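Be aware that the sequence shown starts at 195, since it is given in this note's numbering, and climbs by one per residue.
Below is one structure; the comments refer to it alone.
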Amino acid sequence: MDVIDPHNAQEIFFDGIHEVKIVAGIVRIVLFSRQNDVGTVVARLALPLSELPDAIQELVIALTNAAKSAGP
Numbered sequence: 195m196d197v198i199d200p201h202n203a204q205e206i207f208f209d210g211i212h213e214v215k216i217v218a219g220i221v222r223i224v225l226f227s228r229q230n231d232v233g234t235v236v237a238r239l240a241l242p243l244s245e246l247p248d249a250i251q252e253l254v255i256a257l258t259n260a261a262k263s264a265g266p
């Protein structure tokens, strides 16, 4: 599979979001993966609250473009 980001960041495979909290101006998101019916935390993301709207917008645009290019 081709790498889409040239920064050599590790890929994170996850099945869902376990928790989202805002603490002291930081959005904290816990991602989990199901392994043998047991949820295991695979990553914890932190983002300044001020950046959240832009991050959501960028994610929606990127996912929409990916879906369009995958096409039916």
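Glycine included, each C-beta is placed from N, C-alpha and C at the ideal position.
Just so we're clear, the structure is a prediction, and the values are computed from it rather than from any experiment.
Among V236, R222, N259, E245, which residue has its Cα nearest to the Cα of E205?
-> Counting from 1 along the sequence shown, the entry for residue 205 is found at position 11. Of the listed residues, the one whose Cα sits closest to E205 is V236.
Does DSSP put A218 in a helix, a strand or coil?
-> Counting from 1 along the sequence shown, the entry for residue 218 is found at position 24. A218 falls in the coil class under three-state DSSP.
Excluding five sequence neighbours on each side, which residues of the same chain lie with their C-beta closer than 8 Å to the C-beta of F207?
-> Residue 207 sits at position 13 when you count from the first residue of the sequence shown. Excluding residues within five positions, the ones whose Cβ falls inside 8 Å are S227, V236.
Under 8 Å between C-beta atoms of L257 and V221 = Your numbering for residue 257 matches position 63 in the sequence shown. Your numbering for residue 221 matches position 27 in the sequence shown. Going by C-beta atoms, L257 is not nearer than 8 Å to V221.
For I255, does the three-state DSSP call read helix, strand or coil?
-> As a working mapping, residue 255 is identified with position 61 in the sequence shown. Correct three-state label for I255: helix.
Looking at C-alpha atoms only, which residue of V254, L246, N202, R238 is the closest neighbour of G210?
-> Along the sequence shown, read from residue 1 onward, the residue named residue 210 stands at position 16. Comparing Cα positions, the closest option is R238.
Same chain, Cβ closer than 6 Å to A240, five either side skipped, listed in chain order | Sequence index remark: in the sequence shown, residue 240 carries index 46 (1-based). Counting only Cβ-Cβ distances below 6 Å, and skipping sequence neighbours, we find I220, R222.
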